[in-house]
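Input: a single structure, listed below in structure tokens.
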Amino acid sequence: MMKRKKAPEGGASWMDTYGDMVTLLLCFFVLLYSISSVDEVKWKALVKSLNAGDEQEIAEMVIEKSKETVANNGEDEKYKEDMNFDELYKLLKQSVKEIGIEDQAEVSKGDGFTFISFRDKIFFDGDSSYLKKEGEKVLDAFAKVLKKVSSHVEEIQVIGHTSQGDPNTPNNVRIDRTLSALRSMEVTVYLQEKNVISPDKLVSVSYGQFRPIASVKTKDGRAKNRRVEILITENNAVAKNLEQYYEEVYKEK
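Numbered per the numbering used here, the sequence shown finishes at 259, counting up by one with no gaps.
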């Protein structure tokens with residue numbers, strides 16, 4: 007009986023090598039896609055190119071995407087480098103305008119500090135200390151700004167205030183102190199959870215009804231007194247007490 011001739015070995019080995027290469031390329035681009043933002047149209051074209059084996063088109067797309075990434079990173083780094091404490095005031099003012107709370111929040115600045123005063127109704131209802139969703143959105147916008155200049159910030163104080171309800175009778179001491187403290191704490195904790203700055207630079211302070219900025223005899227005056235303030239001081243700024251900051255912030259109000 008005649009022996010069958012063995013088929014020559016290795017005849018299609020180049021196909022195996024090519025298949026492995028294409029598989030590795032596909033894995034590589036899937037990885038890129040998972041860690042970056044890719045235009046849908048370009049991604050579909052990329053997959054089509056892989057199927058078609060058009061190495062030239064693949065190479066061109068990789069180069070184009072790399073150039074875009076480098077350019078964007080360059081812009082981001084430039085933006086970060088340009089941020090300094092002096093720009094904080096302008097950015098916060100811009101945020102107030104964009105959110106549409108000009109009548110409920112005031113941003114002031116002085117030598118080495120920026121100061122924000124919020125009417126309490128932005129964050130809280132009535133005698134509540136639960137942070138409202140609307141208040142969270144405001145703090146989210148401010149947190150983004152604060153993060154950009156955090157390296158230039160010495161300390162962020164969150165200061166809670168109430169108002170004497172009856173012009174002739176002081177508030178209940180326990181309720182008054184507790185409410186202002188809880189409100190200050192709620193805002194402080196929220197900012198800390200947003201990682202705006204190192205926690206040891208975040209301070210919660212409360213004064214109850216004892217730091218009024220307006221008369222308690224009028225409804226509008228009492229509304230102004232019920233507030234949450236955020237005092238942001240610059241690195242190496244001259245230390246001042248609260249009354250000194252108030253003289254600069256509220257002197258024209």
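We put the beta carbon where it would ideally sit given N, CA and C, even for glycine.
All of these numbers come straight from a predicted model, not from anything done at the bench.
In DSSP terms, what residue i is bridged to
i: K103; result: Answer by DSSP bridge pairing: none, since K103 is not bridged.
i: A147; result: A147 pairs with nothing; no bridge assigned.
i: I236; result: I122, V164
i: S212; result: G166
Integer Cβ distance of residue i from residue j, believed to fall under 8 Å
i: E112; j: S123; result: 5 Å
i: N90; j: V155; result: 7 Å
i: K223; j: P173; result: 5 Å
i: V255; j: S134; result: That pair is no contact at about 26 Å.
i: G118; j: E240; result: 5 Å
i: V162; j: L208; result: This sequence places Ile at residue 162; Val is not what is there. So it is a contact: roughly 5 Å between Cβ atoms.
Range covered by the alpha helix (DSSP H) that runs through residue i
i: E254; result: 248-255
i: K230; result: 225-231
Beta strand (DSSP E) segment containing residue i, residue limits
i: G132; result: Where G132 is concerned, there is no enclosing beta strand (DSSP E), given that its DSSP letter is neither H nor E.
i: P115; result: Strictly speaking, residue 115 in this sequence is Lys, with Pro absent from that position. Here the beta strand (DSSP E) through K115 covers 111-116.
Give the list of continuous beta strand (DSSP E) stretches no shorter than 3 residues that lie fully inside the stretch 156-210. Here the runs fully enclosed are 159-167.
Across the stretch 207-216 and the stretch 173-187, are there enough close Cβ pairs to call them in contact, namely three or more that are closer than 8 Å? Because the criterion of three Cβ pairs below 8 Å is met, the stretch 207-216 and the stretch 173-187 touch.
Pairs of beta-carbons, one from the stretch 224-233 and one from the stretch 158-170, closer than 8 Å: are there three or more? yes
At a cut of 8 Å, does the stretch 93-109 reach the stretch 188-205 through at least three beta carbon pairs? no
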